[in-house]
Structures are given as C-alpha cells and as structure tokens.
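**Student:**
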Amino acid sequence: MGSLLSQAAVTPPSAPAATRKTSRPKNGKASSASLASHAVMAEPAVAPPAPITAQQTRKAPAGEPGSTTIDRAQKVAAPAKRAAARQEPAKLFVLDTNVLLHDPMSLYRFEEHDIYLPMVTLEELDAHKKGLSEVARNGRQVSRELDALVADIGSGIDQGIALSRTGHAEARGRLFFQTRAHDVELPIALPQGKADNQILAVLQDLTHIHTERPVVLVSKDINMRVKARALGLHAEDYANDKTLDDADLLYTGMLVLPPDFWDRQAKSVESWQQGGNTFYRVQGKFVAQMLVNQAVYWESGSAPPLYARVKEIRANTAVLQVMRDHTHQKNAVWGVTARNREQNFALNLLMDPEVDFVTLAGQAGTGKTLLALAAGLSQVLDARRYNEIIVTRVTVPVGEDIGYLPGTEEEKMGPWMGALDDNLEVLNQSEGGNSGGEWGRAATQDLIRSKIKIKSLNFMRGRTFLNKYVIIDEAQNLTPKQMKTLITRAGPGTKLVCMGNIAQIDTPYLTEGSSGMTYVVDRFKGWSHSGHVTLARGERSRLADYASEVL
C-alpha cells in the first residue's frame with residue numbers, strides 16, 4: 001500500500017541566485033548549522049526526483065524502523081524485499097517535530113516506508129516535554145517510544161531500526177536518526193540557525209543523496225511545507241488522522257426518501273404499533289443508503305409527511321420508527337419546542353434512553369446548546385433518569401491552563417461558560433413562565449444550578465461518570481485522542497452529548513478533516529446506541545440569521 005499522506009508534486013524551480021553554504025570551522029568542530037561532527041564535501045545540486053503521487057487510504061498503518069547516519073558515502077537502501085513487493089522503492093519520510101507532538105504514534109503510521117529524524121527534531125522534542133499540557137504529554141510519550149526502539153540495539157543503529165521490534169507489526173519500515181552533518185546550500189534568506197531551516201537543509205541533502213527513492217517532508221506547519229516546495233522539495237501534511245478530505249462529505253444524519261417512496265411500498269409495507277410508537281417495515285434498493293439511527297423523511301405538498309428513524313437494517317429491509325413530534329407544544333421538552341425537522345430529530349435522539357452518544361453539529365444559532373440543556377434538565381429533574389448534568393468544554397485558545405484564573409475549578413471555568421448561562425436564562429423563563437413571580441424563578445434557578453456541574457478537561461483523566469448527562473461543548477477544538485479520553489469516561493447509565501461547529505476550529509494544526517468532532521461522527525455512525533444530526537437552520541434571531549448569510 002502507498003503512503004497515507006497525500007503527496008504533493010512539485011516542479012523544482014531554478015536555483016536561487018544568492019545562497020549560503022554550511023561549512024566546517026577550522027578547529028574541526030561543526031558549526032551551529034551542522035548537526036554532527038562529520039561534514040561532507042558539497043556537490044553540484046541535483047534536481048529532486050520526478051513528482052510522485054501517493055494514494056491516501058482510510059486507515060493509516062505504522063511507520064518504519066531504523067536509526068542511521070545518511071551521507072554521500074553511505075546511503076540508506078530501501079530493503080529489496082519490500083521494494084519488490086511494491087514494485088517501487090520505499091519512501092523516506094522526514095518528520096517535522098510538530099507531527100510527533102500532534103500524534104505520538106505517528107512513527108508507526110507509514111506502513112512499509114522508512115522514517116528519518118533530524119537531530120534538531122530530537123532537540124525540539126526535549127524542549128517541549130515539560131509541563132502538563134497535551135503537547136508535553138505527547139512529547140514524553142514520543143521520547144518513551146524512541147527509547148524503546150533504540151534499547152539494546154547495539155552497533156546496528158546505522159542500518160536502521162525495525163519499527164516493528166516494539167510490537168507494531170503494521171510498521172514494516174525502518175527508523176533512521178541523523179548522526180552526521182549535511183553540507184548543503186540554502187538561499188541566503190533562510191537563516192541557518194532556525195530549526196525549520198536546518199530540517200530543510202537535511203531534506204535537501206537527503207533528496208540529492210537518494211535519487212533512487214522519494215524523500216518527503218511531513219509537517220503540520222503550512223509555511224514549512226510552502227518553503228520546502230519553493231525549494232523544489234517534496235512536502236506533505238500529516239494526513240493519517242484526517243477522517244475526511246472535504247468537510248462537505250461529513251455525515252449529516254439525515255436522508256430524504258425518494259418522491260415515489262409510498263408508491264414503491266404500496267404492496268410490501270408493514271406497519272404496527274408498539275409501546276406507543278408506530279413502526280414501518282420497508283424494503284428496496286434505497287435501504288442500502290440507510291444507517292441505524294439515521295433520520296429519514298418524506299415530504300409532499302398534499303400528503304402528510306413522514307419523519308422517522310431507522311431502527312433496524314437487514315439486507316434490503318429496514319424498520320422505521322415514526323418520530324415523536326416535538327414541534328407541538330404538548331411534546332415540548334422543558335418548555336422548548338423544535339422549530340424545524342433537524343431540531344425535532346435532535347430532540348428525539350436526546351430524549352431516547354437507548355441512545356448513549358449524541359453529536360450535534362451546526363453553525364452558530366442553530367440551537368445546539370439550548371436543545372442539549374433542555375433535554376438534560378428534563379431527564380434529570382423531571383424523569384430523574386440521570387443524577388446530574390456535567391458540562392465541559394475546551395478552554396480555547398489552545399486549551400490554556402485555567403490555573404491562571406482565580407477561584408475554584410468551577411469559578412475558573414466560569415468565563416468560558418457564557419453560552420451556558422445565556423441558555424439557562426432562556427430555559428428558566430420558558431419552563432417557569434411568570435408562575436411564582438421572581439421568587440419562583442429564583443427557586444427554579446437555584447434548583448437548576450444545583451444539578452449542573454462545570455468541569456475542566458484538565459481533570460478528566462481517571463474519572464468515571466455514573467448515571468450522568470455529560471455535555472461537551474466546542475467539541476470541534478478537540479483532537480481525536482482527547483475525544484477518546486472523554487468518551488471513555490462514561491460509565492453505566494451515562495449519556496454523552498458532543499456539540500460543535502467544525503467551521504470554527506481554533507486549535508492549531510486541527511482542520512475540519514482531522515477534528516475530533518469529525519472523527520467521532522464518522523466512527524460512531526451506524527451504531528445502534530449513537531446518533532448524529534447536523535442542524536442547518538439558524539433560529540437565534542432574524543438579525544443573527546441574516547448576518548450568517550451576508551457576512
């Protein structure tokens with residue numbers, strides 16, 4: 001299989017007029033630009049190999065082992081056996097530090113290809129390993145992985161270290177470390193002392209050395225990739241954690257039935273009542289497009305519409321359950337009624353005790369927070385299905401440590417929970433109305449507050465939530481690893497609700513395709529105890545709706 005990263009094809013530009021050469025001082029010690037004690041004679045520039053393309057697959061296997069010095073006297077040969085199997089040489093991927101800090105297991109994600117770590121990458125890893133942040137934890141994990149790989153390796157480090165030696169069978173390549181200097185010429189505008197430029201120098205020299213195999217830089221830094229391509233070098237984003245290339249392909253949780261749906265089902269449809277719900281058993285080729293807990297709807301100008309949820313799929317037969325109509329006041333949830341079909345489906349998922357995990361996506365003003373809170377209050381205070389509501393969110397920017405804010409954990413999270421307070425005010429008015437006057441509203445507010453706990457993501461590790469209704473706000477700013485940490489906190493009787501807008505990602509190096517929100521929507525779709533809906537219509541106000549359209 002090919003690389004899991006989309007390969008950028010670049011035509012080498014003409015050589016820059018002004019260049020700077022890295023040389024060895026007279027005292028025999030390497031200069032600051034050199035990364036080891038051995039300097040190599042400069043040779044005429046050689047154009048990089050012809051552009052290549054790599055096919056991206058859904059799941060990314062592991063990386064290649066090995067640690068070695070690569071210079072003009074000694075090339076790192078791609079193992080003949082692996083090359084023969086693919087009928088093309090294995091690639092050599094040079095990893096930027098941010099890739100390792102983003103995914104500490106990235107070493108094992110490159111299948112049969114080889115990995116090369118410049119010495120400056122190890123230096124930057126060392127600088128980021130201190131602290132309690134996610135980046136620091138990832139840095140320490142990478143260091144442990146590297147330590148396990150080089151343990152008891154003996155003198156064979158120059159031949160590369162098999163990445164599979166630590167039990168990662170999917171990583172069929174080798175890992176190489178830089179142990180000698182690379183004497184290269186870079187444009188004078190690129191200072192040699194900067195770490196990024198030192199990595200580019202290593203990349204350029206490796207490209208000249210290994211003309212028989214592609215040498216590719218993998219970096220999450222856009223500017224780094226741009227500079228590499230400007231020098232005629234191959235560069236890619238780290239795409240292993242990308243669930244989708246196009247956010248428009250994200251599962252919406254909704255499916256419109258064909259206009260002739262009832263005509264096709266006239267002879268075969270079955271219907272029955274059970275537990276106060278209406279069910280239909282339908283069949284046809286369109287069933288292949290359905291997923292369990294997906295909303296399906298059929299609308300016609302004259303006939304009554306159908307709004308249902310897929311409960312079961314067997315071959316070309318599906319069982320549909322007609323949804324409860326939460327647009328009607330008699331089915332209001334904590335005084336809130338649905339204003340459109342997407343909100344109605346969301347409330348059906350949120351109020352179903354058999355659905356343990358719900359994801360709500362949508363732009364600002366679509367009602368994500370209001371619906372989640374209304375359903376939570378109804379099931380905690382009225383139905384007593386859950387003990388309390390727990391609300392958490394990423395403290396953007398970049399999940400900064402809330403310890404710099406005064407007070408307790410809840411007080412520190414207060415400034416980040418303005419949306420929660422706004423929606424609680426709306427819900428208090430909608431449920432209580434004017435009954436009881438100010439005293440009644442104050443009592444209701446105190447009751448609501450007593451059942452809502454605000455928690456920080458920083459203290460989630462090791463927790464287990466029993467019979468809780470957990471709301472994760474701004475989930476688009478979570479990485480897949482952070483999302484896994486949160487979801488696995490759920491104990492028996494707990495329901496998790498994730499909300500977010502993937503068009504508003506503030507975390508560095510996260511994109512719509514690699515966001516934890518996108519990740520869980522894609523991985524949980526079709527599971528009988530989860531559901532997703534994308535809220536498409538803004539319902540905040542006519543001003544907010546118009547601003548969303550024209551601004």
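In terms of full-length UniProt numbering, the sequence shown opens at residue 1 and continues consecutively.
Positions of the beta carbon are idealized from the N, C-alpha and C atoms, including for glycine.
Return the first residue and the last residue of the alpha helix (DSSP H) that M332 is part of.
**Tutor:** One-based indexing of the sequence shown puts residue 332 at position 332. Just to set this straight, residue 332 is Ala in the shown sequence, not Met. Premise fails: A332 is in no alpha helix (DSSP H) and is neither H nor E.
**Student:** N197 lies in the alpha helix (DSSP H); which residues open and close that run?
**Tutor:** Taking the first residue of the sequence shown as 1, we reach residue 197 at position 197. Unbroken alpha helix (DSSP H) run through N197: A195 to I209.
**Student:** Could you name the residues of the same chain whose beta carbon sits closer than 8 Å to that of E474, not counting the 5 residues immediately before and after it, in chain order?
**Tutor:** One-based indexing of the sequence shown puts residue 474 at position 474. R393, V394, V396, M499 and G500, listed in sequence order.
**Student:** Could you spell out where the beta strand (DSSP E) holding N277 opens and where it closes?
**Tutor:** Translated into the one-based positions of the sequence shown, residue 277 becomes position 277. Taken as a continuous stretch (DSSP letters only), the beta strand (DSSP E) holding N277 covers N277 to Q283.
**Student:** CA-CA distance, N197 and D152?
**Tutor:** Looking up residue 197 in the sequence shown gives position 197. Looking up residue 152 in the sequence shown gives position 152. Rounded to the nearest angstrom, the two C-alpha atoms are 33 Å apart.
**Student:** Find out if the Cβ-Cβ distance for the pair I188, A361 is shorter than 8 Å.
**Tutor:** Working through the sequence shown from its first residue, we reach residue 188 at position 188. Working through the sequence shown from its first residue, we reach residue 361 at position 361. No, the pair does not count as a contact, with Cβ atoms beyond the cut-off.
**Student:** Counting pairs of Cβ atoms below 8 Å between the stretch 251-264 and the stretch 524-543, do you hit three or more?
**Tutor:** Taking 8 Å as the limit for Cβ pairs, the verdict is that the stretch 524-543 does touch the stretch 251-264.
**Student:** I'd like the span of the beta strand (DSSP E) that includes M254, first residue to last.
**Tutor:** Reading the sequence shown from its first residue, position 254 is the one you call residue 254. That run of the beta strand (DSSP E) goes M254 to V256.
**Student:** Would the stretch 476-488 count as touching the stretch 503-523 if we require 3 or more Cβ pairs under 8 Å?
**Tutor:** Yes, since at least three Cβ pairs between the stretch 476-488 and the stretch 503-523 fall closer than 8 Å, the two stretches touch.
**Student:** Count the other C-beta atoms from every protein chain shown that fall within 10 angstroms of the C-beta of P104, then say buried if there are 16 or more, exposed otherwise.
**Tutor:** To locate residue 104, count along the sequence shown from 1; it is residue 104. Its Cβ being crowded by 16 or more others within 10 Å, P104 is buried.
**Student:** Given this structure, state the Cα-to-Cα distance separating G275 from T317, to the nearest angstrom.
**Tutor:** Translated into positions along the sequence shown, residue 275 becomes position 275. Translated into positions along the sequence shown, residue 317 becomes position 317. Near 22 Å, if we compare the C-alpha coordinates of T317 and G275.
**Student:** How far does the beta strand (DSSP E) with W298 in it reach, from first residue to last?
**Tutor:** To locate residue 298, count along the sequence shown from 1; it is residue 298. Start and end: A295 to W298.
**Student:** On the three-state DSSP scale, how would you describe Q445?
**Tutor:** The count along the sequence shown starts at 1 and reaches residue 445 at position 445. Q445: helix per DSSP, three-state reduction.
**Student:** Given this structure, state the Cα-to-Cα distance separating E111 from A375, to the nearest angstrom.
**Tutor:** As a first step, residue 111 must be located in the sequence shown, where it is residue number 111. As a first step, residue 375 must be located in the sequence shown, where it is residue number 375. Roughly 45 Å between the two C-alpha positions.
**Student:** Please identify the residue among T337, M323 and V322 whose C-alpha is closest to the C-alpha of Q329.
**Tutor:** In the sequence shown, the residue the question calls residue 329 occupies position 329. Q329 has its Cα closest to that of T337, out of T337, M323 and V322.
**Student:** Select from P508, E425 and I389 the residue whose C-alpha is nearest the C-alpha of E134.
**Tutor:** The count along the sequence shown starts at 1 and reaches residue 134 at position 134. Ranking P508, E425 and I389 by Cα distance to E134 puts P508 first.
**Student:** Find the nearest neighbour of L204 within the set K220, I222 and H182, judged by alpha-carbon distance.
**Tutor:** Reading the sequence shown from its first residue, position 204 is the one you call residue 204. Reading the sequence as shown, one finds Gln at residue 204 and not Leu. The candidate whose alpha carbon is nearest that of Q204 is H182.
**Student:** On a Cα-Cα basis, can you pick out the residue from V470, D147 and Q321 that is closest to E388?
**Tutor:** Taking the first residue of the sequence shown as position 1, residue 388 is located at position 388. Of the candidates V470, D147 and Q321, the one whose C-alpha sits nearest the C-alpha of E388 is V470.
**Student:** DSSP three-state label for E112, please.
**Tutor:** Numbered from its first residue, the sequence shown carries residue 112 at position 112. The answer is coil: DSSP assigns E112 none of H, G, I, E or B.
**Student:** Return the first residue and the last residue of the alpha helix (DSSP H) that Y251 is part of.
**Tutor:** Position 251 of the sequence shown, counted from the first residue, corresponds to residue 251. Y251 -> no alpha helix (DSSP H), and no H or E assigned at all.
**Student:** Quick check: what's the CA-CA separation for E236 versus R225?
**Tutor:** Along the sequence shown, one-based indexing puts residue 236 at 236. Along the sequence shown, one-based indexing puts residue 225 at 225. Whole-angstrom Cα-Cα distance: 7 Å.
**Student:** Please check if any C-beta of chain B sits within less than 8 Å of the C-beta of T534.
**Tutor:** This model lacks chain B altogether; it includes just one protein chain.
**Student:** Comparing C-alpha positions only, which one of I222, V202 and A383 sits nearest to D352?
**Tutor:** In the sequence shown, the residue the question calls residue 352 occupies position 352. Nearest of I222, V202 and A383 to D352, Cα basis: A383.
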